[in-house]
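Enquirer: Would you mind keeping the following structure in view while I ask a few things?
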Ligand code: ADP
Ligand code: MG
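In our numbering, the protein residues as written are 21 to 871.
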């Protein structure tokens, strides 16, 4: 087949397309549309639900440029990358317009407002491994927040990697296949494989991970000559990942990121670690159903601003282990609680605060529109009143926050004076600079006004002059200004009218003076728009001069927002300030489950019942009362109780007050939470295998400063297997002479309660129930001592099993519990046969584990 000659435009298209990474849709600006061609057109049409057009030699599909953002968002969500190729000069007829690649948007590098969730950070991460060691860097390009971490073991980094929930992950070329192979033969990290399977992964060449050039790239980006100011060694092993992130971002922005001005090291030594299984089990960021509602995050959030919401999530991702920092937060809450009027006033003011960090991020990275500056103006407007209200709440901790807020009076004044009240979303719309700000602009605008007046007078004048009563002066995009005369009046049209277009009902004309005026109008409009853009650039520059102060202010406002929210929460639910220390003993007086308590109340409102949460005490001590074994029937409240202890501890370690009458919380290094045999089918592993993996992880990593929550461990296998495993896990946790991790173990294995006699630091507890005739009533209180029965049949009755089934179960149980081990199977056999009798032997071997 003869090769067809391609058009110059197609040549231009292919030149750009060739330079792009795979999996990238190229949007090629063609007039008012972004067009996709060839294979991209097919993929795009399907993905975005738009029409595929077939030309003789190629396929194309287009989206209108003004609606592009929405389509781009859709493509990104589907894990695609989108390259934007714009026209970079005004098109001239008969000449190929110059185009160039302006940006590549990827799931992790987009900063467009409506492609980001406002209350969450949006991270791009890079991971690298060597053996068991792992390095990690992550950047939120929309806010400039940049962090690195490295560790001897990937186990230590999985918690933070899972919590930051990156939108896109950069890995070494070929790495993905290597991991898959490792997953096959069981040598790799299961959590990691599972994690990566659900994200957008981008493989990049190895040299981009080079540590030396990484360090250099970081220093260049931050504008420093070493990283000491950030407490980071030049030789930090995660700088290779940081470099990879910066390289990738720069490539996609087609220029350096301008809003990255600091870098932080995340360290598992200074943060409380919550591994992925614990995050799931304790429902920290999402409930087990996958919703925000029902999560701890949702229950303790009372923020009014997007950046407050992000800060709260950051605090939960890396809970503190520094008492000083936690006491600073607690202190603020205490002060705010004592000044309710000022506090709610500030909260009200915060509602008008805009997302300064993200606005600056966009402005700095060349995405600009008038409304963004309006957002800064709106925020600045609130600051004097916020500072004033904070003066009344003064304390050392509060003052630190207040000092971070810079009211920037000169910038406030400038933006107030320069910008109109209502602002358009597009620069090209014009009309956003206030009257009186710039003389030259005002003159241009008055010229336009004069011309418009001339036009409106023209209609009246021409009607008078010609006697055509319904003569109209109109405007459209194709013809500009014209005079319209209906058919009936065409005989009255004067000589100086020049015919432009014939319509069904009449004709359209222009005159020499109208043409001249039109030119003047266009010219004036073009000039005024250009002038407005110039002035806008000036305002942007003025704003960016204060970007440091603005970012600091934004950070202070976010803290204020979270802490005032927690004050509100503490008042609303009667929380207490926990006493923090580094002792061995944890004491909670009348603790409640923060999420279940709120849900019960909601239900109670719905059902107008008065079911309220029953508080319970907890007293654990690493060297005297280390392991609590909790028994009790199903539905008694075991799971809720043990989780509440973990959640209260976690809340204390983010600085929040806690749902209890009083609490003393020793800082912990890790919280582990495991649930037996949760149906984790999605992950393709046998549930029991998962359960054991997770348990192994605890046994290998828990220290005397850890808190462990075990819920029905061992349930995933046969009774004796499960019991034996549970038994030996408890013994192992108790192995040290002196002390061990504080552990709450809920179990239905009655046999385990025997352990109390043999292990010093283990104590039995049970969730009490009241018996009433054959029924039970849940009282939800945790008492010392083992549960004496399991009440399975009573629970089954409560659950609504038909009464013949319940009665029969009771009968079988009675027989099984008596010495007579013969149970007659009751089943209707085939009519012809007599009913069979089957003997079932109970296992008469006694459990004799102590020998
Ligand atoms: P178990 O683990 O013993 O089977 P759960 O902890 O799952 O029991 O609790 C069962 C239900 O009881 C929960 O759904 C919760 O609504 C309710 N519940 C648990 N603890 C309390 C409590 N302290 N006060 C009120 N209701 C509770
Ligand atoms: Mg349970």
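Glycine included, every Cβ here is placed at the ideal spot set by N, Cα and C. Remember, it's a predicted structure, so these values are computed and weren't measured experimentally.
Is residue 56 buried or exposed, if buried means 16 or more other CB atoms sit within 10 Å of its CB?
Expert: Under this definition residue 56 is a buried residue.
Enquirer: Alpha carbon to alpha carbon, how far is residue 819 from residue 655? Give it in angstroms, no decimals.
Expert: Those two C-alpha atoms are separated by around 10 Å.
Enquirer: Could you tell me if residue 523 is buried or exposed, where buried requires 16 or more neighbouring beta carbons within 10 angstroms of its beta carbon?
Expert: It counts as exposed.
Enquirer: Taking 6 Å as the cut-off, is the C-beta of residue 659 nearer than that to any heavy atom in ligand 1?
Expert: Residue 659: yes, Cβ under 6 Å from ligand 1.
Enquirer: What did DSSP end up calling residue 677 once you bin it into helix, strand or coil?
Expert: Residue state, collapsed to three classes: coil.
Enquirer: Could you spell out the range, first to last residue, of the alpha helix (DSSP H) harbouring residue 301?
Expert: Element bounds for residue 301: 296-301.
Enquirer: I'd like the list of long-range same chain contacts for residue 544, defined as Cβ closer than 6 Å, with 5 residues on each side in sequence excluded.
Expert: Here the set comprises 464, 467 and 468.
Enquirer: Just to check my reading of the structure: residue 41 and residue 112 have Cβ atoms closer than 8 Å, yes? What is that Cβ distance to the nearest angstrom?
Expert: So it is not a contact: roughly 33 Å between Cβ atoms.
Enquirer: My parser needs the beta strand (DSSP E) runs of 3 or more residues fully inside the region 600-669; what are they?
Expert: DSSP runs (the beta strand (DSSP E)) wholly in the region 600-669: 605-611, 636-641 and 647-651.
Enquirer: Please check the pair residue 348 and residue 687, which I expect to be a contact at CB under 8 Å, by giving their CB distance rounded to whole angstroms.
Expert: That pair is no contact at about 15 Å.
Enquirer: In the DSSP output, which residue or residues are listed as bridge partners for residue 521?
Expert: BP columns for residue 521 point to 528.
Enquirer: Rank 371, 750, 604 and 161 by C-alpha distance to the C-alpha of residue 133 and give the top, closest one.
Expert: Residue 161 is the option with its Cα nearest to residue 133.
Enquirer: If we cut at 7 Å on Cβ distances, does residue 523 have a partner in chain D?
Expert: In the displayed structure, chain D is absent; only one protein chain is listed.
Enquirer: Would you call residue 225 buried or exposed, if buried means 16 or more other Cβ atoms sit within 10 Å of its Cβ?
Expert: Flag for residue 225 reads exposed.
Enquirer: If you run the structure through DSSP and keep just helix, strand and coil, what is residue 286?
Expert: Reduced to three states, the DSSP call for residue 286 is coil.
Enquirer: Give a yes or no on contact between the region 583-603 and the region 305-322, applying the rule of three or more CB pairs nearer than 8 Å.
Expert: Yes, since at least three Cβ pairs between the region 583-603 and the region 305-322 fall closer than 8 Å, the two stretches touch.
Enquirer: So, with DSSP's three-state summary, where would you put residue 550?
Expert: Residue 550 falls in the helix class under three-state DSSP.
Enquirer: Could you work out which residue in 328, 584, 46 and 694 is closest to residue 409 when comparing CA atoms only?
Expert: It is 584.
Enquirer: Buried or exposed for residue 625, please, with buried defined as at least 16 other CB atoms from any protein chain shown within 10 angstroms of its CB.
Expert: Residue 625 is exposed by the Cβ-count criterion.
Enquirer: Do residue 829 and residue 652 have their CB atoms nearer than 7 Å?
Expert: No, they are not a contact pair.
Enquirer: Among the residues of its own chain, which have a CB less than 8 Å from the CB of residue 395, if the five just before and after it don't count?
Expert: So the list reads 374, 375, 376 and 379, once near-sequence residues are dropped.
Enquirer: Is the beta carbon of residue 785 within less than 6 Å of some heavy atom of ligand 1?
Expert: Checking the Cβ of residue 785 against ligand 1 gives no.
Enquirer: Use the C-beta contact count for residue 194: other C-beta atoms within 10 angstroms, 16 or more gives buried, fewer gives exposed.
Expert: The residue is exposed, with fewer than 16 neighbouring Cβ atoms inside 10 Å.
Enquirer: According to DSSP, simplified to helix, strand and coil, what is residue 64?
Expert: In the structure shown, residue 64 sits in a helix (DSSP, three-state: H, G or I).
Enquirer: Let me know if residue 780 comes out buried or exposed under the rule of 16 or more other beta-carbons within 10 Å of its beta-carbon.
Expert: Answer is exposed; the Cβ neighbour count stays below 16.
Enquirer: For a test of your reading of the model: does the CB of residue 807 fall under 6 Å from any non-hydrogen atom of ligand 1? Yes or no.
Expert: No, Cβ of residue 807 sits at least 6 Å from all heavy atoms of ligand 1.
Enquirer: Alpha carbons only, please: which of 68, 46 and 500 is nearest the one belonging to residue 60?
Expert: Selected option, being the one with the closest Cα: 46.
Enquirer: What residues match up with residue 167 in a beta bridge as DSSP calls it?
Expert: 158 and 284.
Enquirer: Ligand 1 heavy atoms versus the CB of residue 800: any closer than 6 Å?
Expert: Flag set: Cβ of residue 800 near ligand 1.
Enquirer: Could you work out which residue in 511, 500 and 472 is closest to residue 488 when comparing CA atoms only?
Expert: Ranking 511, 500 and 472 by Cα distance to residue 488 puts 511 first.
Enquirer: With 16 other CB atoms within 10 Å as the buried threshold, where does residue 704 fall?
Expert: Caution applies to residue 704, whose pLDDT of 46 falls short of 50 and renders its modelled position unreliable; the value that the coordinates give is listed next. Residue 704 is exposed by the Cβ-count criterion.
Enquirer: How would you call residue 631, buried or exposed, if buried means at least 16 neighbouring beta carbons within 10 angstroms?
Expert: So residue 631 ends up on the exposed side.
Enquirer: Among the residues of its own chain, which have a CB less than 7 Å from the CB of residue 701, if the five just before and after it don't count?
Expert: In this prediction, residue 701 has a pLDDT of 43, which is less than 50 and means its spatial position is unreliable; nothing more can be read from the coordinates.
Enquirer: Thinking C-alpha only, which one of 615, 771 and 270 is nearest residue 124?
Expert: Checked all of 615, 771 and 270; the closest Cα to residue 124 is 270.
Enquirer: Assign residue 120 to one of three DSSP states: helix, strand, or coil.
Expert: Residue 120 falls in the strand class under three-state DSSP.
Enquirer: Use the C-beta contact count for residue 27: other C-beta atoms within 10 angstroms, 16 or more gives buried, fewer gives exposed.
Expert: So residue 27 ends up on the exposed side.
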